[in-house]
Amino acid sequence: MVDLSLELAGIKLKNPVMVASGTFGWGQEFADYLDLNKLGAIITKSITLKPREGNPPPRIVETPAGMLNTIGLQNEGLEHFLRNDLPFLSKFNTPTIVNIAGESVAEYVELAKRLSKEPMVKGIEVNISCPNVAHGGMAFGTEPEATKQVISAVRKETTQPLIVKLTPNVTDITVIAKAAVAAGADALSLINTLVGMSIDIETGQSRLGRLTGGLSGPAIKPIAVRMVYETARAVNVPVIGIGGIMTGNDAVEFLLAGAKAIQVGTANFVDVTASLTILKGIEDYVDRHPRSLNFS
Amino acid sequence: MASQEKCRIIDHQKVGPQHYKLVLASDYLSKHAQPGQFVQVKCSDTLDPLLRRPISLHQISPEHKTFALLYEVVGKGTNELTKLFVGENLDLFGPLGTGFQLDSQRNKHLLVGGGMGSAPLLALAERLTGQVSILLGAKTAANILAEADYNKLGHNVAVITDDGSKGKKGLVSDLLLERISQDSVVYACGPKSMLRAVAEICWQKKVDCQISMEERMACGIGACKGCAVKTKGGYKMACKDGPVFKGEDIIW
Ligand SMILES: Cc1cc2nc3c(=O)[nH]c(=O)nc-3n(C[C@H](O)[C@H](O)[C@H](O)COP(=O)(O)OP(=O)(O)OC[C@H]3O[C@@H](n4cnc5c(N)ncnc54)[C@H](O)[C@@H]3O)c2cc1C
Ligand SMILES: Cc1cc2nc3c(=O)[nH]c(=O)nc-3n(C[C@H](O)[C@H](O)[C@H](O)COP(=O)(O)O)c2cc1C
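Residue numbers (the UniProt record's numbering), protein chains in the order written: chain D, 1 to 296; chain P, 1 to 252.
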């Protein structure tokens with residue numbers, strides 16, 4: 001079997017397949033269905049300082065080859081995560097990367113500070129790209145100055161590998177990418193969801209409880225591949241590709257576009273073992289094309 | 001625990017204007033599924049429809065190693081299902097969710113089904129003992145589902161339709177009001193407005209009631225937080241905490 005191991009932002013990965021934030025719960029939900037030890041890394045659902053109850057339903061609606069979601073970062077908060085979820089994830093020989101979201105710079109800083117003290121946390125992914133919350137979230141990912149401010153503040157508090165997760169809802173993603181790297185990001189992950197809307201023509205109302213939602217799934221893949229391509233050429237830190245990856249071939253597209261690793265999101269909902277099937281697909285490709293991707 | 005498997009189709013029949021019954025083979029599902037639970041059905045191999053569709057267990061027959069689903073064609077996914085032939089396989093993930101609680105201490109059971117909501121109650125009716133009454137409501141006579149199957153079980157079946165084309169004219173909650181008594185337990189499935197009416201009647205009469213809630217779902221295992229139902233204990237997930245909830249816990 002081919003060796004797909006790599007080191008990314010100082011994190012040792014068995015392979016380049018990670019599971020994307022918010023699509024794999026806290027790992028436990030999926031542990032009955034696949035061997036978590038086989039994953040490159042597990043990215044947790046976004047954690048906030050205080051518990052968040054999330055947005056009013058309906059929270060999801062399917063659209064052609066994709067889905068809109070407006071979950072609103074429902075989670076039990078940092079303390080609950082440290083007490084109840086991290087110990088479970090720590091049992092596996094797979095790095096846990098904790099995704100954090102704040103309403104203010106101070107909240108991001110506080111989250112990073114606490115997580116830095118946890119030896120079982122192998123990296124922090126900073127979500128500055130959630131489109132479904134009233135405060136914070138995407139606001140930090142659409143203005144280069146705001147990006148710089150939050151990322152440099154977080155950088156000061158932690159020596160943990162820092163991955164910054166970017167939103168595609170900008171005119172030029174490389175501007176934000178460069179701002180994040182200048183502020184100390186060790187890697188970038190992209191893309192988060194695209195803001196979208198779907199209207200029920202019988203009622204004239206949005207199909208979601210909140211007017212808009214984030215679009216994910218195969219429908220966004222070409223946009224994600226393009227953005228990964230642009231970003232990988234604009235910065236000198238590794239880029240992690242996310243967006244509509246359903247098969248090994250989809251993942252290879254991202255790797256060819258310049259991504260060092262990928263994250264599987266919506267596909268986890270369609271098939272609980274999707275991440276491992278995708279990994280197998282990458283292995284098969286590397287077998288067939290030994291020199292086209294740089295694994296060593 | 002759920003399993004993801006390809007189940008062979010044993011039978012596939014049209015049973016109503018837009019309604020079909022699928023009978024599938026699975027040792028695992030037929031053995032482990034409980035009334036009120038559901039399966040996530042992969043309706044097509046293409047990217048559209050993308051997500052699996054939740055369908056309740058309609059009949060569970062461990063002795064034959066089979067189970068049945070009853071579905072109504074309402075959109076892309078359910079329309080894809082109509083194209084399946086006997087002998088083909090269907091990719092299913094289940095059983096999922098928390099089903100009905102069967103309390104052997106109680107023996108006066110009232111099952112209230114509105115429209116498609118009659119489907120999951122059959123699996124429950126098959127398991128209940130004691131005095132079981134089934135109240136079925138629908139828009140018209142043609143939309144009354146599985147009445148013959150309910151009759152076969154020997155339970156008391158009453159029917160009501162919106163237009164009076166079968167049984168009395170009215171809502172199934174009207175029937176419930178006539179039949180409910182202090183010592184009944186109520187189980188209901190159907191449209192939200194009906195469930196709300198049922199929960200309110202049971203609340204007033206101080207009768208225990210279990211209702212099966214529908215929300216749009218993605219993962220089916222409580223991971224994505226998509227199928228939120230507002231309860232007195234905060235948002236709960238229809239796919240994991242439910243779909244069956246206590247009527248008194250729901251915030252409408
Ligand atoms: C726990 C549970 C059990 C269910 N059991 C059954 C069953 O036994 N038989 C049956 O026919 N249907 C059942 N449903 C509803 C069924 O899942 C939807 O009708 C189906 O997903 C529609 O898919 P579609 O692609 O055909 O329609 P779409 O094109 O997706 O949508 C068509 C219409 O159906 C509505 N809809 C879509 N998904 C859902 C959903 N998950 N819940 C409610 N409405 C939805 C949409 O809002 C839209 O109005 C159940 C739903 C849940 C949550
Ligand atoms: C239901 C759902 C919940 C999500 N929650 C989060 C989250 O909490 N934090 C985050 O950074 N991204 C979240 N995302 C975004 C995904 O991690 C991913 O970036 C996006 O869905 C694109 O990838 P995909 O097309 O493979 O799903 C969520 C996506 C979905 C569909």
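The beta-carbon is built from N, C-alpha and C at its ideal position, and this holds for glycine as well.
On a predicted model such as this, the values are computed, not experimentally measured, just so you know.
Residue environment analysis places residue 211 of chain D among the exposed positions, since fewer than 16 neighbouring C-beta atoms fall within 10 angstroms of its C-beta. Per DSSP, residue 27 of chain P is one residue of the alpha helix (DSSP H) stretching across 27 to 32. Using beta-carbon distances, residue 225 of chain P counts as an interface residue toward chain D, with a partner under 8 Å.
By the CB criterion at 8 Å, residue 135 of chain P and residue 179 of chain P fall inside the cutoff. In summary, residue 222 of chain D is exposed, with fewer than 16 beta-carbon neighbours lying within 10 Å of its beta-carbon over all protein chains present. Interface annotation, residue 219 of chain P: in contact with chain D, CB-CB separation under 8 Å. Counting only Cβ-Cβ distances below 7 Å, residue 17 of chain P has no contacts in chain D at all, with the closest Cβ about 20 Å away. Inclusion of residue 264 of chain D in the 7 Å shell around ligand 2 follows from its C-beta lying nearer than that to a non-hydrogen atom of the ligand.
Contact check for residue 169 of chain D and residue 195 of chain D: beta-carbon distance about 5 Å, within the 8 Å limit, so the pair qualifies. Residue 149 of chain P and residue 128 of chain D have their C-alpha atoms spaced approximately 55 Å apart. The three-state reading of DSSP puts residue 12 of chain D in strand, counting E and B together. In the structure shown, residue 50 of chain D falls within a coil segment according to DSSP collapsed to helix, strand and coil. In the DSSP assignment, residue 248 of chain D falls within the unbroken alpha helix (DSSP H) covering 248 to 257. The contact set of residue 131 of chain D on chain P, defined by CB atoms closer than 9 Å, is empty, because the minimum CB distance reaches about 15 Å. For residue 65 of chain D, the closest Cβ of chain P is nearer than 8 Å. For residue 69 of chain P, the closest alpha carbon among the candidates P/172, P/120, P/201 and P/205 is that of P/120.
Within 7 Å of the C-beta of residue 203 of chain D there is not a single heavy atom belonging to ligand 1. Here residue 54 of chain D has 71, 72 and 74 as same chain residues with Cβ atoms under 6 Å from its own Cβ, once five neighbours each way along the sequence are excluded. With respect to chain P, the C-beta atom of residue 35 of chain D has no partner C-beta closer than 8 Å. In the DSSP assignment, residue 183 of chain P falls outside any alpha helix (DSSP H) and carries neither an H nor an E.
The beta carbon of residue 81 of chain D does not come within 8 Å of any beta carbon belonging to chain P, so the residue lies off that interface. Closest in alpha carbon position to residue 263 of chain D, among D/111, D/225 and D/179, is D/225. Counting only Cβ-Cβ distances below 9 Å, residue 4 of chain P has contacts in chain D at 33, 271, 272 and 273, in chain order. At a cut-off of 8 Å between beta carbons, residue 1 of chain P contacts chain D. Apart from the 5 residues on each side of it in sequence, residue 27 of chain P sits with its Cβ closer than 8 Å to the Cβ of 65 in its chain, given in chain order. Annotation for residue 74 of chain P indicates a beta carbon within 7 Å of some heavy atom of ligand 1. Under DSSP, residue 273 of chain D forms no beta bridge with any residue.
Counting along the chain, the unbroken beta strand (DSSP E) around residue 261 of chain D starts and ends at 261 to 264. The region 47 to 64 of chain D makes contact with the region 224 to 236 of chain P, as at least three CB pairs between them are under 8 Å. Ranked by Cα distance from residue 16 of chain P, the options P/181, P/176 and P/144 are led by P/144.
The region 78 to 94 of chain P makes contact with the region 41 to 48 of chain P; the number of CB pairs closer than 8 Å reaches 3 or more.
The nearest non-hydrogen atom of ligand 1 is 7 Å or more from the C-beta of residue 12 of chain P.
Straight-line measurement puts the Cα of residue 2 of chain P at about 34 Å from the Cα of residue 142 of chain P.
Sequence-distant Cβ neighbours of residue 123 of chain D in its own chain, meaning closer than 7 Å and more than five residues away, are 9, 11, 95, 97, 160, 161 and 163.
Per the coordinates, the alpha-carbon of residue 200 of chain D lies some 31 Å from the alpha-carbon of residue 146 of chain P.
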